[in-house]
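Visitor: Structure below; questions to follow.
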Amino acid sequence: MTDPTPRPWLVTRRAMLQAAGAGTLLAWALPARGYGSAVGDQDMLIAYLGLDPDGTVVVTTPDAEIGQGIYTTHALLIAEELGAAWDRVRVQFSGAGEIYRNPQKNLQATGRSMGTSGYFRVLREVGAMARGQLCEAAAARWQVPADECDTREHQVVHAASNRALDFAELIEAAVRIAPPSEVTLRRPEDYRYIGRSAPRLEIPLHASGRSQFTVDIQLPGMKVATLQACPVFGGRLGHFDAAEAEGMPGVHSVHGLDDAVAVVADSYWEALQALRKVRIAWDEGDGATFASEEHAEVLRTLLADDHAEVRVGVSAGEPDRRLAAAQQRLEGRYEVPYLAHATMEPMSCIARVADGQCDLWSGTQGPMHARDTAAARAGLAPEQVTVHRTFSGGGFGRRWQRDFIDRAVDVATRVPGVPVKLIWSREEDIRRDWYRPAYACSFAASVSPETGIRALQVRLAGAGLFELNRPGQFAPQPDPSVMSGFRNHPYRIEHLHVDWRPIRTPIPIGVWRAVGNSQNGFFLESIIDELAHAAGQDPYAFRRDLIDDPRRRKVLVAAAEAGDWGEPLPEGHGRGIAFMESYGSIVAQVAEVSVRDRRIRLERITCAIDCGTAVHPDNVKAQMEGGIVFGLTAMMYGAIDIEQGRVRQGNFSDYPLLTLRDMPSRIDTVIIDSGEQMGGVGEPGLPPAAPAVTNAIFAACGERIRALPLARQGWRLA
Amino acid sequence: MNKFKLTINGQDHAVEADPQMPLLWVLRDRLGLTGSKFGCGIGVCGACTVRMDGAVTRSCVFPVSACEGRDIRTIEGLSEAIDHPVQRAWIEEQVPQCGYCQSGMIMAAVALLEQNPTPSDGDIDAAMTNLCRCGTYPRVRKAIHRAARLMAEA
Ligand code: FES
Ligand code: FES
């Protein structure tokens, strides 16, 4: 099929804009094929793929690059099918738009570890469509059937006649050919990128300081702003006196927002100096009575309160009767505190509002709702908002929230036409977060060496993320965030009961790396460990014998074998094991620690993961390492305390992170390529990390860790 | 506001700023050199690490008034082609995740290797106090050893 009009996907971005102006873009609507959006293949092609005149492939990623490597992964999916050469591929960030929705969640949103699995098919199909056009163009030139042609290393090749043409030489012709309506995807045995670890494309940018995070963007006439919000959640701005601040050097203007004061200046530092001179009276509201210590006490009470609201998440067999009849009953209580995200780049957003148009520059994890919230704040329609996405200096769920967008737009509407780069101080970032909620968990169980777990009863108390604004929304079911790990645990437990006792909190809570799995992994895998020891069994063998499913058992076995489970250890050393399945991936970890006088040394961590297909194995390993370090930082130090409604911590000095010297000498990851349904990798490495280590501490010294963080109980890293 | 003459990556720059303004914000907001990052503002995280007369300096707590006449080096001046041995090692070991802490990490590693061309793990532990929220530490360690080898071969 030949068509006289150039195909839009084969032009540069600049040319595309010109073409749009000339009215030739999107002239070809092919039937929709159900990507969760009402657009046709042609539109998908344009949205995700471009070719520069020199043949450079330009891939557009719809996801935020928050450290998970999706920038590279999306590029390699297209490169695989297109047959591109890796050094001729580059990546750009998409804007916000329905066409960029992740088919797995029907939303353009970076989270739930779905960036690879969600776009796995779409992006390969896009690459295959473009391959079809290039092959047809070459076939016409060579006078051979198109299906005898294939692409490889940026060339169309015809093996029978030993001819090859570079993509760049075919653009002119290929742009006149309609993309195929049917495509054949490459067979796994022919993959050249999937399952191998092409060098990540964003890494040279990061290694040279050239990657542009939101805080790095510079625009003509831009000002820099910072802000202070009411230190008490739910409080409002009363009144403020900015006379002194307004006269300070470099200061442009001072603005009162609903619950904050912002200073706009020539530089961040000048804005910050001036902000300190603004005299502010807050209207603190009821939140000022909240104390996290009391909250923790309430959670403990709820666990024992039979008249509390109880929502049952798992109910199997008759654990009550079994426990009543048991001769030996094992009981315990676990606790975790509120946690902040502390992304390395503090919250930031650039906004410019003028002439019925709003432009945002942001590393947002939710471009569509960033667009919509900006529109609402600025009194515009969503089409009047343009989202320019940047690299994100960490996300972990924090950049899914809208508050940092809202505030930037609020300031920008007060200085029309001026691009305002709003950067939060680290203190604001930590004190105005959407925290991983504090939780308490109690259990009662009975075990026997012969039958394993006879009965297990687990109670959870804490706030539900998804019910934050609408308490009771999911009743009688628990909030969807709270049962993670308890419904999909791998163990044979015939008599199991898990319930949730909800509580309301005035503290903003939100998604955090691995969300509910982050605390439930610690609860469940500590409990399983306690039961193993109570049954007088090896914690690894105990777990293995309770896992019937071969795929899951294989992961546990792989971790144990790679982690040298059972090999003799020096005095004072111990090994622990933990298993957790989250976001469709199965992960087991073995930790080895040494313990002396409440000083712990992380000696070695071994991880096994089955994520179905490891699209980029080295990045899977990097994500396991990152998830483990994130989980162990929380285990060791993570705690947000609230007194009189105020967050006590404010910077890395009192919200510390693990450092390089704390690292074990080895973190090894074994990848099991089962070929089963693909799972995620950004989050699943985290949940088993803390329990593997605390179980190892128990093995080393006999002390059971039932509350995090360890630093609170006098533990130190050696 | 005072006038200051700064030498950054071998080039002279004239800036106007309050004497107390930290070098980081002079670099970022006055000169548009955004490779050095803001992470904490209190000298704890190392995202803002630059070198001053060779020494590792956390520029968020270093006033511009103390910078005159010093040889200031930032990530931008490390190499044009991203081929400084430390950068090559960083790429070969695929170190960065989100990338935000990495300019500071690299500048600290360059300084370490200049003073100590064959650092042990203990030396690396002592020198590399930069924070990385993404947990790239195990690869940072490997990359420093690799950079040491690359520098020895050169
Ligand atoms: S920003 Fe300078 S040490 Fe953190
Ligand atoms: S790579 Fe993200 S903070 Fe270090």
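First to last, the protein sequences are chains A and B. Its first residue numbered 1, the first sequence is counted upward by one per residue in the numbering used here. Its first residue numbered 1, the second sequence is counted upward by one per residue in the numbering used here. Each residue gets a CB set at the ideal place from its N, CA and C atoms; glycine is no exception.
Once you ignore the five residues that flank R646 (chain A) on each side, which residues in its own chain have a CB closer than 7 Å to its CB?
Guide: What you label residue 646 (chain A) is simply residue 646 of the first sequence in a count that begins at 1. Here the set comprises P231 and V232.
Visitor: Which residues are close to ligand 2, meaning CB closer than 6 Å to any heavy atom, in chain order?
Guide: Counting only residues whose CB is nearer than 6 Å to a non-hydrogen atom of ligand 2, the list in chain order is A:G67, A:M344, A:G394, B:P96, B:Q97, B:C98, B:G99, B:Y100, B:C101, B:Q102, B:C132, B:R133, B:C134 and B:T136.
Visitor: I need the straight-line Cα distance from A22 (chain A) to N106 (chain A), nearest angstrom please.
Guide: Looking up residue 22 (chain A) in the first sequence gives position 22. Looking up residue 106 (chain A) in the first sequence gives position 106. In this predicted model, A22 (chain A) has a pLDDT of only 30, less than 50, meaning its place in the structure is not dependable enough to derive any value.
Visitor: Tell me A47 (chain B)'s beta-bridge partners as DSSP assigns them.
Guide: In the second sequence, the residue the question calls residue 47 (chain B) occupies position 47. A47 (chain B) is not bridged to any residue.
Visitor: Over the uninterrupted beta strand (DSSP E) stretch that includes V261 (chain A), give me the two end residues.
Guide: For this step, residue 261 (chain A) is matched to residue 261 along the first sequence. Element bounds for V261 (chain A): A260 to A265.
Visitor: Beta-carbon of L660 (chain A) versus every beta-carbon of chain B: anything under 7 Å?
Guide: Here residue 660 (chain A) refers to the residue found at position 660 when the first sequence is read from its first residue. So yes, L660 (chain A) belongs to the interface.
Visitor: Could you tell me the alpha carbon to alpha carbon distance between E169 (chain A) and R152 (chain A), rounded to whole angstroms?
Guide: For the purposes of this step, residue 169 (chain A) is identified with residue 169 of the first sequence, where counting begins at 1. For the purposes of this step, residue 152 (chain A) is identified with residue 152 of the first sequence, where counting begins at 1. Cα-Cα distance, rounded: 14 Å.
Visitor: Measure from the C-beta of V15 (chain B) to each C-beta in chain A and report whether the shortest distance is under 7 Å.
Guide: Your numbering for residue 15 (chain B) matches position 15 in the second sequence. So no, V15 (chain B) is outside the interface.
Visitor: Under a CB-based cut-off of 7 Å, is C45 (chain B) close to chain A?
Guide: Within the second sequence, residue 45 (chain B) is the residue found at index 45, counting from 1. Yes - at least one Cβ of chain A is within 7 Å of the one on C45 (chain B).
Visitor: Buried or exposed for H206 (chain A), please, with buried defined as at least 16 other CB atoms from any protein chain shown within 10 angstroms of its CB.
Guide: Within the first sequence, numbered from 1, the residue matching residue 206 (chain A) stands at position 206. Buried, since its Cβ has 16 or more Cβ neighbours within 10 Å.
Visitor: Output yes if chain B places a C-beta closer than 7 Å to the C-beta of P687 (chain A); else output no.
Guide: On the first sequence, position 687 is the one that residue 687 (chain A) refers to. It does not; no Cβ of chain B falls within 7 Å.
Visitor: Are the Cβ atoms of Q401 (chain A) and G356 (chain A) separated by less than 7 Å?
Guide: Counting from 1 along the first sequence, the entry for residue 401 (chain A) is found at position 401. Counting from 1 along the first sequence, the entry for residue 356 (chain A) is found at position 356. No, the pair does not count as a contact, with Cβ atoms beyond the cut-off.
Visitor: Check for me: the beta strand (DSSP E) holding T7 (chain B) runs from which residue to which?
Guide: Taking the first residue of the second sequence as position 1, residue 7 (chain B) is located at position 7. Run containing T7 (chain B): N2 to I8, per the beta strand (DSSP E) assignment.
Visitor: Got a sec, what are the start and stop residues for the alpha helix (DSSP H) I586 (chain A) sits in?
Guide: Working through the first sequence from its first residue, we reach residue 586 (chain A) at position 586. Element bounds for I586 (chain A): not the alpha helix (DSSP H) but the beta strand (DSSP E), S585 to R596.
Visitor: For the putative contact between M624 (chain A) and T659 (chain A), defined by C-beta atoms under 8 Å, what is the C-beta separation to the nearest angstrom?
Guide: Taking the first sequence and counting its residues from 1, the one referred to as residue 624 (chain A) is at position 624. Taking the first sequence and counting its residues from 1, the one referred to as residue 659 (chain A) is at position 659. 19 Å between Cβ atoms; not a contact.
Visitor: Taking CB distances under 7 Å as the criterion, tell me whether P138 (chain B) reaches chain A.
Guide: Your numbering for residue 138 (chain B) matches position 138 in the second sequence. P138 (chain B) counts as touching chain A.
Visitor: Alpha carbon to alpha carbon, what distance is there between D499 (chain A) and A461 (chain A)?
Guide: In the first sequence, the residue the question calls residue 461 (chain A) occupies position 461. In the first sequence, the residue the question calls residue 499 (chain A) occupies position 499. C-alpha separation (whole angstroms): 9 Å.
Visitor: Indicate whether at least one CB of chain B lies closer than 7 Å to the CB of L49 (chain A).
Guide: Position 49 of the first sequence, counted from the first residue, corresponds to residue 49 (chain A). By this cut-off, L49 (chain A) is not an interface position.
Visitor: Is A140 (chain A) helix, strand or coil when you go by DSSP?
Guide: To locate residue 140 (chain A), count along the first sequence from 1; it is residue 140. Here A140 (chain A) sits in helix by DSSP.
Visitor: At a Cβ threshold of 7 Å, is P204 (chain A) touching chain B?
Guide: The residue you call residue 204 (chain A) lines up with position 204 of the first sequence. At least one chain B Cβ lies under 7 Å of P204 (chain A).
Visitor: Taking 6 Å as the limit between beta carbons, can you name the residues of its chain near G627 (chain A), skipping five residues before and five after?
Guide: Counting from one through the first sequence, the residue named residue 627 (chain A) turns up at place 627. Around G627 (chain A): G685 and L686.
Visitor: Could you check whether the segment 56 to 68 of chain B touches the segment 289 to 303 of chain A, counting it as contact only if at least three pairs of C-beta atoms, one from each stretch, sit closer than 8 Å?
Guide: no
Visitor: Does the Cβ of E571 (chain A) have 16 or more other Cβ atoms within 10 Å, making it buried, or fewer, making it exposed?
Guide: Here the question's residue 571 (chain A) lines up with position 571 in the first sequence. Exposed, because fewer than 16 other Cβ atoms sit within 10 Å of the Cβ of E571 (chain A).
Visitor: Can you give the beta carbon distance from V58 (chain A) to R90 (chain A), rounded, assuming they're within the 8 Å contact cut?
Guide: Taking the first sequence and counting its residues from 1, the one referred to as residue 58 (chain A) is at position 58. Taking the first sequence and counting its residues from 1, the one referred to as residue 90 (chain A) is at position 90. That belief holds up - the Cβ atoms of V58 (chain A) and R90 (chain A) are roughly 6 Å apart, short of 8 Å.
Visitor: Return helix, strand or coil for C149 (chain A), following the three-state DSSP convention.
Guide: Working through the first sequence from its first residue, we reach residue 149 (chain A) at position 149. Reduced to three states, the DSSP call for C149 (chain A) is strand.
Visitor: For a contact meaning CB atoms closer than 8 Å, what does Y268 (chain A) contact in chain B?
Guide: Taking the first residue of the first sequence as position 1, residue 268 (chain A) is located at position 268. The contacting residues are W25, R28, D29 and F38.
Visitor: Do G235 (chain A) and W282 (chain A) have their C-beta atoms within less than 7 Å of each other?
Guide: Working through the first sequence from its first residue, we reach residue 235 (chain A) at position 235. Working through the first sequence from its first residue, we reach residue 282 (chain A) at position 282. Yes.
Visitor: I705 (chain A): which of A:R470, A:F523 and A:L602 sits nearest, CA to CA?
Guide: As a working note, residue 705 (chain A) is residue 705 in the first sequence. Nearest of A:R470, A:F523 and A:L602 to I705 (chain A), Cα basis: A:F523.
Visitor: Measuring CB atoms only, is the segment 446 to 457 of chain A touching the segment 314 to 327 of chain A, in the sense that at least three cross pairs come out at less than 8 Å?
Guide: yes
Visitor: If contacts are defined as beta-carbon pairs under 8 Å, then A137 (chain A) and A173 (chain A) qualify, I think. What distance do you get, rounded to the angstrom?
Guide: The residue given as residue 137 (chain A) occupies position 137 in the first sequence. The residue given as residue 173 (chain A) occupies position 173 in the first sequence. Right, their Cβ atoms sit about 4 Å apart.
Visitor: What does a CB cutoff of less than 7 Å around W715 (chain A) pick up in its chain, not counting 5 residues either side in sequence?
Guide: To locate residue 715 (chain A), count along the first sequence from 1; it is residue 715. For W715 (chain A), where only same-chain residues beyond five positions count, the Cβ hits under 7 Å are R598 and I600.
Visitor: For the pair the segment 6 to 23 of chain B and the segment 562 to 580 of chain A, tell me if three or more CB-CB distances fall below 8 Å.
Guide: no
Visitor: Could you compute how far the alpha carbon of G50 (chain A) sits from the alpha carbon of F93 (chain A)?
Guide: As a working note, residue 50 (chain A) is residue 50 in the first sequence. As a working note, residue 93 (chain A) is residue 93 in the first sequence. For G50 (chain A) and F93 (chain A), the distance between alpha carbons rounds to 13 Å.
Visitor: Checking 7 Å against the spacing of the C-beta atoms, do H255 (chain A) and A265 (chain A) come in under that value?
Guide: On the first sequence, position 255 is the one that residue 255 (chain A) refers to. On the first sequence, position 265 is the one that residue 265 (chain A) refers to. 7 Å or more divides the Cβ of H255 (chain A) from the Cβ of A265 (chain A).
Visitor: At the level of alpha carbons, what is the spacing between A111 (chain B) and E92 (chain B)?
Guide: Within the second sequence, the letter at position 111 stands for residue 111 (chain B). Within the second sequence, the letter at position 92 stands for residue 92 (chain B). Their backbone Cα atoms lie some 20 Å apart in a straight line.
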